[in-house]
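Notes follow once the structure below has been shown.
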Amino acid sequence: MELDDHLFRREAGRIVSVLTRIFGAHNLALAEDVVQDAFCRAVETWPVRGIPENPAAWLMATAKNRALDVLRRERTARTFAPELGRLVDSESTLRPMMDELFSTDAIKDDELRMMFSCCHPRLPEEAQVALMLHILCGFGVNEIAHAFVSSDAAIKKRITRSKKVFEKSTTLFDVSDNHEFLTRLPAVHRALYLLFNEGYHGASAERAIRTELCHEAMRLSALLLDHPHGATPATYALSALMCLDAARVPARLDAAGQLHSIWEQERSQWDRQLIDEGLRFLGLSATGADLTEYHIEAAIAAVHARATRTEDTDWRSIVTFYDRLQAMRPSPIVALNRAIAVAQDQGPDRGIEEIHAITDSDRLVRYPFYAAALGEFELRRGRRDAAAQHFRSALSLARNPSEGQFFNQRLLACAPDIRG
Amino acid sequence: MSEFTYLFRGRLTSGSPDEMQRHFETWAAWFKELDARGHLKERGHPLAKAGRVVTGKQKIVHDGPFAEAKDVIGGYIVVEAADLAQAVELSKGCPILDVGGSVEVRPIEM
Numbered sequence: 053m054e055l056d057d058h059l060f061r062r063e064a065g066r067i068v069s070v071l072t073r074i075f076g077a078h079n080l081a082l083a084e085d086v087v088q089d090a091f092c093r094a095v096e097t098w099p100v101r102g103i104p105e106n107p108a109a110w111l112m113a114t115a116k117n118r119a120l121d122v123l124r125r126e127r128t129a130r131t132f133a134p135e136l137g138r139l140v141d142s143e144s145t146l147r148p149m150m151d152e153l154f155s156t157d158a159i160k161d162d163e164l165r166m167m168f169s170c171c172h173p174r175l176p177e178e179a180q181v182a183l184m185l186h187i188l189c190g191f192g193v194n195e196i197a198h199a200f201v202s203s204d205a206a207i208k209k210r211i212t213r214s215k216k217v218f219e220k221s222t223t224l225f226d227v228s229d230n231h232e233f234l235t236r237l238p239a240v241h242r243a244l245y246l247l248f249n250e251g252y253h254g255a256s257a258e259r260a261i262r263t264e265l266c267h268e269a270m271r272l273s274a275l276l277l278d279h280p281h282g283a284t285p286a287t288y289a290l291s292a293l294m295c296l297d298a299a300r301v302p303a304r305l306d307a308a309g310q311l312h313s314i315w316e317q318e319r320s321q322w323d324r325q326l327i328d329e330g331l332r333f334l335g336l337s338a339t340g341a342d343l344t345e346y347h348i349e350a351a352i353a354a355v356h357a358r359a360t361r362t363e364d365t366d367w368r369s370i371v372t373f374y375d376r377l378q379a380m381r382p383s384p385i386v387a388l389n390r391a392i393a394v395a396q397d398q399g400p401d402r403g404i405e406e407i408h409a410i411t412d413s414d415r416l417v418r419y420p421f422y423a424a425a426l427g428e429f430e431l432r433r434g435r436r437d438a439a440a441q442h443f444r445s446a447l448s449l450a451r452n453p454s455e456g457q458f459f460n461q462r463l464l465a466c467a468p469d470i471r472g
Numbered sequence: 034m035s036e037f038t039y040l041f042r043g044r045l046t047s048g049s050p051d052e053m054q055r056h057f058e059t060w061a062a063w064f065k066e067l068d069a070r071g072h073l074k075e076r077g078h079p080l081a082k083a084g085r086v087v088t089g090k091q092k093i094v095h096d097g098p099f100a101e102a103k104d105v106i107g108g109y110i111v112v113e114a115a116d117l118a119q120a121v122e123l124s125k126g127c128p129i130l131d132v133g134g135s136v137e138v139r140p141i142e143m
């Protein structure tokens with residue numbers, strides 16, 4: 053029997069969520085120890101006795117027994133989750149309490165509770181994302197650093213600091229309070245969006261890592277959709293956006309880590325099932341008065357998904373959507389993407405005009421795709437020298453090998469003039 | 034053929050879930066290979082970290098063993114090999130060596 057590739061990682065998030073619910077947020081480290089202990093036992097017993105029939109259930113049951121030991125041994129010395137009150141104190145109440153807390157429904161709520169707790173308002177957004185990846189998705193510090201192309205030390209510092217904030221909160225987030233839930237929900241959306249983007253646009257050149265990050269963001273969004281308060285139009289829009297973008301990953305990034313821009317992707321490699329799912333979610337998001345940036349971004353992704361050939365893309369609609377996005381959340385990157393859509397629709401001259409019209413373009417000087425867009429338009433105008441120069445500066449700003457390779461190739465496309 | 038006991042000391046105590054899973058997989062693969070080549074005589078037993086230690090005529094009972102993690106026996110198996118040299122050679126594939134542990138190879142007296 054073979055295990056799922058990331059079984060331990062997935063189960064780590066679930067088990068630590070349940071245990072933190074029981075031990076209390078302040079005992080997060082204790083919960084993590086118990087999870088680690090369950091894994092140690094699996095490593096020692098499974099090779100001898102064979103992999104149990106339901107390995108996930110085995111790990112959960114092992115953690116439960118270990119947690120019972122901890123509660124019995126330390127109930128006088130430590131305080132646990134305040135809402136459990138005196139249930140921990142006597143054997144007659146402890147057992148039934150644990151059975152209830154380890155029921156399937158309770159566990160699902162615990163993951164959600166942990167997700168909302170990680171999005172604590174006192175934590176900066178990037179810390180919320182790192183914390184979610186660490187606690188809820190079971191990534192080690194070095195693995196997160198690797199995915200973010202950051203140093204171990206920097207990520208470790210970020211996570212340690214976030215954990216301190218987390219452990220100081222006396223209770224975990226209460227997911228049954230509808231008002232609190234809806235107040236915190238936008239922060240959760242934002243963190244999931246950033247997590248997804250780290251996979252989609254992120255720094256790592258390894259397709260496997262990036263796919264995993266996207267996958268985790270989608271898994272957590274599915275948990276939200278599964279909760280009666282969580283299935284809001286904005287959650288549907290976010291899920292739609294993720295599905296529609298993720299559908300393009302197989303064509304966007306090939307197995308060698310090479311990037312392909314949307315107009316040269318092999319569209320037959322797009323994942324039809326994800327596109328259908330994304331379009332279904334987009335339909336479900338179109339209720340109520342709330343129009344979020346996720347709605348607009350999903351709508352743009354849907355325009356791409358519906359075009360079977362690049363030249364069939366309805367670029368005019370895309371420009372309109374970028375206008376709305378720009379009104380909602382002005383950013384030079386949105387303006388740049390809008391300029392690219394204008395160029396697709398009305399030609400490279402108009403594209404260059406639009407790029408020059410970006411008011412805060414100084415914020416884009418380190419963004420390699422700014423120079424690359426100018427290079428692309430110059431190339432289309434037949435000005436190969438100017439194009440090559442732009443691609444050279446894009447190349448010097450590349451943030452990872454995939455981007456570097458991509459700009460290098462665009463530079464080669466300017467070649468006839470370079471060679472004279 | 035003679036029989037040998039492998040006593041495993043130490044254990045992997047830290048590592049991300051993915052690392053723990055890969056460590057398990059190397060153990061499973063090693064067991065499988067020993068078995069496939071006809072060397073795995075008894076799968077033995079994993080041992081819990083701590084129990085009691087009883088000492089002396091007075092039969093004093095202590096919690097324990099309180100050794101360092103790398104010295105605690107975590108389990109044993111029985112291996113069949115031509116001689117001590119081969120048993121030692123086979124033990125070199127044990128994943129515990131990757132995590133700072135050791136294998137004690139002891140011929141079983143017949």
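Chains as they are written, first to last, in this note's numbering: chain P, 53 to 472; chain R, 34 to 143.
Every residue, glycine too, gets a C-beta built ideally from N, C-alpha and C.
In this text, all values refer to a predicted model and were calculated from it rather than measured experimentally.
Helix, strand or coil at residue i [DSSP, three-state]
{"i": "residue 403 of chain P", "result": "helix"}
{"i": "residue 470 of chain P", "result": "In this prediction, residue 470 of chain P has a pLDDT of 46, which is less than 50 and means its spatial position is unreliable; nothing more can be read from the coordinates."}
{"i": "residue 246 of chain P", "result": "helix"}
{"i": "residue 75 of chain R", "result": "strand"}
{"i": "residue 42 of chain R", "result": "strand"}
{"i": "residue 126 of chain R", "result": "coil"}
{"i": "residue 417 of chain P", "result": "coil"}
{"i": "residue 140 of chain R", "result": "strand"}
{"i": "residue 397 of chain P", "result": "helix"}
{"i": "residue 116 of chain R", "result": "coil"}
{"i": "residue 64 of chain R", "result": "helix"}
{"i": "residue 93 of chain R", "result": "strand"}
{"i": "residue 76 of chain P", "result": "coil"}
{"i": "residue 36 of chain R", "result": "strand"}
{"i": "residue 88 of chain R", "result": "strand"}
{"i": "residue 385 of chain P", "result": "helix"}
{"i": "residue 392 of chain P", "result": "helix"}
{"i": "residue 111 of chain R", "result": "strand"}
{"i": "residue 47 of chain R", "result": "coil"}
{"i": "residue 106 of chain R", "result": "strand"}
{"i": "residue 454 of chain P", "result": "helix"}
Cα-Cα separation between residue i and residue j, rounded to whole angstroms
{"i": "residue 126 of chain R", "j": "residue 87 of chain P", "result": "28 Å"}
{"i": "residue 285 of chain P", "j": "residue 349 of chain P", "result": "14 Å"}
{"i": "residue 45 of chain P", "j": "residue 80 of chain P", "result": "Chain P is shown from 53 up to 472; residue 45 of chain P falls before or after that span and cannot be answered."}
{"i": "residue 411 of chain P", "j": "residue 417 of chain P", "result": "13 Å"}
{"i": "residue 61 of chain R", "j": "residue 92 of chain R", "result": "39 Å"}
{"i": "residue 345 of chain P", "j": "residue 375 of chain P", "result": "11 Å"}
{"i": "residue 154 of chain P", "j": "residue 58 of chain P", "result": "22 Å"}
{"i": "residue 65 of chain P", "j": "residue 151 of chain P", "result": "19 Å"}
{"i": "residue 54 of chain R", "j": "residue 260 of chain P", "result": "17 Å"}
{"i": "residue 457 of chain P", "j": "residue 254 of chain P", "result": "15 Å"}
{"i": "residue 176 of chain P", "j": "residue 60 of chain P", "result": "28 Å"}
{"i": "residue 124 of chain P", "j": "residue 140 of chain P", "result": "8 Å"}
{"i": "residue 295 of chain P", "j": "residue 68 of chain P", "result": "28 Å"}
{"i": "residue 277 of chain P", "j": "residue 299 of chain P", "result": "19 Å"}
{"i": "residue 470 of chain P", "j": "residue 463 of chain P", "result": "Only weak support is given to the placement of residue 470 of chain P: the predicted model assigns it a pLDDT of 46, under 50, and the question is left unresolved by the model."}
{"i": "residue 383 of chain P", "j": "residue 248 of chain P", "result": "19 Å"}
{"i": "residue 196 of chain P", "j": "residue 207 of chain P", "result": "7 Å"}
{"i": "residue 274 of chain P", "j": "residue 244 of chain P", "result": "11 Å"}
Chain P within 8 Å of residue i, Cβ atoms only
{"i": "residue 70 of chain R", "result": "no"}
{"i": "residue 140 of chain R", "result": "no"}
{"i": "residue 45 of chain R", "result": "yes"}
{"i": "residue 79 of chain R", "result": "yes"}
{"i": "residue 98 of chain R", "result": "no"}
{"i": "residue 95 of chain R", "result": "no"}
{"i": "residue 108 of chain R", "result": "yes"}
Min CB distance residue i to chain R below 8 Å
{"i": "residue 266 of chain P", "result": "no"}
{"i": "residue 470 of chain P", "result": "Its pLDDT being 46, under 50, residue 470 of chain P is placed unreliably by the model, and the measurement read from it follows with that caveat. Residue 470 of chain P does not count as touching chain R."}
{"i": "residue 192 of chain P", "result": "yes"}
{"i": "residue 98 of chain P", "result": "yes"}
{"i": "residue 95 of chain P", "result": "yes"}
Residue i: CB within 7 Å of a non-hydrogen atom of the ligand SAM
{"i": "residue 63 of chain P", "result": "Absent from the structure shown: the ligand SAM. Ligands present: none."}
As an exercise, report each continuous alpha helix (DSSP H) stretch of at least 4 residues that is fully enclosed by the stretch 283-367 of chain P, in chain order. Every unbroken stretch of the alpha helix (DSSP H) spanning 4 or more residues and falling wholly within the stretch 283-367 of chain P is given here in chain order: 285-298, 301-304, 324-337 and 345-358.
Is it true that the stretch 69-83 of chain R meets the stretch 105-124 of chain R, where meeting means three or more beta-carbon pairs spaced less than 8 Å apart? Result yes; three or more Cβ-Cβ pairs closer than 8 Å.
Under 8 Å, with one C-beta from each stretch per pair, do the stretch 115-132 of chain P and the stretch 68-84 of chain P reach the 3-pair mark? Below 8 Å, enough C-beta pairs join the stretch 115-132 of chain P and the stretch 68-84 of chain P to call them touching: three or more.
Report yes or no: do the stretch 321-337 of chain P and the stretch 361-371 of chain P share at least 3 C-beta pairs separated by less than 8 Å? Output reads no: the stretch 361-371 of chain P does not touch the stretch 321-337 of chain P.
Give the list of continuous alpha helix (DSSP H) stretches no shorter than 4 residues that lie fully inside the stretch 183-267 of chain P. You should have 193-199, 204-220 and 230-252.
Do the stretch 188-203 of chain P and the stretch 42-51 of chain R meet, that is, are 3 or more Cβ pairs less than 8 Å apart? Per the Cβ contact rule, the stretch 188-203 of chain P is in contact with the stretch 42-51 of chain R (3 or more Cβ pairs under 8 Å).
Can at least three beta-carbon pairs, one atom from the stretch 231-248 of chain P and one from the stretch 260-276 of chain P, be found at a separation below 8 Å? The stretch 231-248 of chain P is in contact with the stretch 260-276 of chain P.
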